[in-house]
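J.: Below you will find the structure I want to go over with you.
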Amino acid sequence: MNEFQKLYIERKKQFEQSEGDKESVVALYNLKKYLETIDSIDAKEVLVNVYDLLNYKKDAYDLLVNISDSHDIKIKKRLAKMKFYAENWKNEFAIPKPKSNEELKIENEKLKKLGIPTFKYHPNPLITRAFEESKEGVVCDCCKKLTHIYYQAPFYSIKNVDCLCPTCISNGNAAKKFNGSFQDNFSIEEGVEDLDRIDELIHRTPGYCGWQQEYWRVHCNDFCAYLGYVGALELKALGILEEVLEDPIWDEEQKEMIQNSINGGHIQCYLFQCIHCGKHLVWMDFD
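Residue numbering for the sequence shown follows the numbering used here, beginning at 412 and increasing consecutively.
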């Protein structure tokens, strides 16, 4: 057993015994970062396992293809099992790494460089997959300009709208031109009386795609920031599972469902955070 295998076994044991808590996930990400700097087969073989455990299914498959002996029967069997997840899950359900303030700052700088405006209630629409990237570019249906970042999530309008650029969403031009909205007025939680805040959410904030009808959470008399798709595994990794279960809107049966939810599964959770006090909340629906 080499040093890389020993490190992996230690981190995996910590992850499993803690049921994927925040500390164990950070430890796995640190190991991932370390192994990615080492150019040796031993390190890369272990890195495949780290990718797989963190649900970077495409990265795990691609790396194993590059370093393995294609004639090895055991490797062939493993690749056959991994291929389905690599093609269908890709890296979309990777366990999230808890981010430091510095990492969040870097993310915000990246968004600015890409020309994405600041959305108070949807801070990173690239990560949540509300926005897509196109190398060739697409034409915004509102301003008719070429954009490499475009929106294809819910937009409620009688007009046929395919692509919208971030700027036309942010300045309200898209909602005004097509007499549309990005949220259903009847699918936002009660508790916000400020009409400007309601207008900003409905007409100038990118939405998200739910299994059923999307719903926007409220806390501290304001709409929360939408952070993305999660299941119990992601909530544990972020260290906030118990926090979201404290929400009084959930009964005991619903709390159990949240604890059994799987990102991309039959029970899907959507993560929100109060922009005033920082409390985390979820919404939940079913396929």
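Just so it is clear, CB atoms sit at the ideal spot from N, CA and C, and this is done for glycine as well. Quick caveat: nothing in here was measured; it's all calculated off a predicted structure.
How about V655 and H687: do their beta carbons lie closer than 7 Å?
T.: No. Outside cutoff.
J.: Can you tell me whether L692 is helix, strand or coil according to DSSP?
T.: DSSP places L692 in strand when its eight states are reduced to three.
J.: Residues in the same chain with beta-carbon distance under 7 Å from I678, minus the five sequence neighbours each way, listed in chain order, please.
T.: For I678, where only same-chain residues beyond five positions count, the Cβ hits under 7 Å are M668, N671, S672, M695 and F697.
J.: Return the residue from the list N512, V476 and L557 that minimises the CA-CA distance to K492.
T.: Comparing Cα-Cα distances from K492 to each of N512, V476 and L557, the minimum goes to V476.
J.: Relative to the ligand COA, is the shortest distance from any of its heavy atoms to the C-beta of D605 smaller than 6 Å?
T.: Ligands are entirely absent from the displayed structure, and the ligand COA is therefore not among its contents.
J.: Spatial neighbours of S479 within its chain, please: CB distance less than 7 Å, with the 5 preceding and 5 following residues excluded, ordered by chain position.
T.: Correct list, in chain order: I486.
J.: Residues in its own chain within less than 7 Å of V461 by CB, not counting five upstream and five downstream?
T.: Answer for V461: Y419, L439, L442, K443 and L446, listed in chain order.
J.: Do you know offhand how far V550's Cα is from G526's?
T.: Going from the Cα of V550 to the Cα of G526 covers about 16 Å.
J.: Would you say Y562 and F542 are within 7 Å of each other, going by their C-beta atoms?
T.: Yes, these two residues count as a Cβ contact at 7 Å.
J.: Thinking C-beta only, is Q684 closer than 7 Å to L649?
T.: Cβ distance not < 7 Å, so L649 and Q684 don't count as in contact.
J.: Work out the CA separation of I506 and K423 for me, nearest whole Å.
T.: Roughly 14 Å separates the two Cα atoms.
J.: Check D633 in the structure and name its three-state DSSP category.
T.: Three-state result, D633: strand.
J.: Of the choices C553, F415 and K433, whose alpha-carbon is the least far from that of K647?
T.: Nearest C-alpha to K647: K433.
J.: Out of W661, E645 and E653, point me to the one whose CA is closest to G676's CA.
T.: Of the listed residues, the one whose Cα sits closest to G676 is E645.
J.: Which residues does DSSP pair with E544 in a beta bridge?
T.: According to DSSP, which records beta bridges pairwise, E544 is partnered with I560.
J.: Within the 7 Å Cβ cut-off, does R628 reach chain B?
T.: The structure shown contains no chain B; it is built from a single protein chain.
J.: With respect to the alpha helix (DSSP H) encompassing Q425, which residues constitute its N-terminal and C-terminal limits?
T.: Note, Q425: alpha helix (DSSP H), E414 to Q428.
J.: Please report the distance separating the alpha-carbon of P528 from that of K516.
T.: For P528 and K516, the distance between alpha carbons rounds to 15 Å.
J.: Within the continuous beta strand (DSSP E) that includes Y681, where are the two ends?
T.: Its beta strand (DSSP E) spans residues I678 to Q684.
J.: Does V549 come out as helix, strand or coil in the three-state DSSP assignment?
T.: Strand, per DSSP.
J.: Between E503, I560, P659 and S581, which lies nearest to K521 when the distance is taken from Cα to Cα?
T.: Ranking E503, I560, P659 and S581 by Cα distance to K521 puts I560 first.
J.: May I have the straight-line CA-CA distance separating H554 from N519, to the nearest angstrom?
T.: According to the sequence provided, residue 554 is Cys. The question's His does not apply to it. Cα to Cα, the separation comes out at about 25 Å.
J.: So the alpha helix (DSSP H) D473 belongs to, where does it begin and stop?
T.: Run containing D473: K468 to I478, per the alpha helix (DSSP H) assignment.
J.: Skipping 5 residues on each side, what residues in its chain have a beta carbon closer than 7 Å to that of K501?
T.: Excluding residues within five positions, the ones whose Cβ falls inside 7 Å are K468 and K469.
J.: Helix, strand or coil: which one does DSSP assign to S451?
T.: It is coil, neither helix nor strand.
J.: Just how far apart, CA to CA, sit E456 and E513?
T.: Approximately 31 Å between the Cα atoms of the pair.
J.: Counting along the chain, where does the alpha helix (DSSP H) carrying V655 start and finish?
T.: Segment L652 to L656, the alpha helix (DSSP H) holding V655.
J.: Tell whether a beta-carbon distance below 7 Å holds between D573 and D607.
T.: No, the pair does not count as a contact, with Cβ atoms beyond the cut-off.
J.: Could you tell me which residues DSSP pairs with I486 in its beta bridges?
T.: Partner(s): none; I486 has no beta bridge.
J.: Among the candidates K570, E600 and G602, whose CA atom is the shortest distance from the CA of K587?
T.: Among K570, E600 and G602, the Cα nearest to that of K587 is on K570.
J.: Mind reading off the beta-carbon distance from Y619 to T539? Whole number of angstroms is fine, and I expect it under 8 Å.
T.: Yes, they are in contact, since the Cβ atoms of Y619 and T539 sit about 6 Å apart, within 8 Å.
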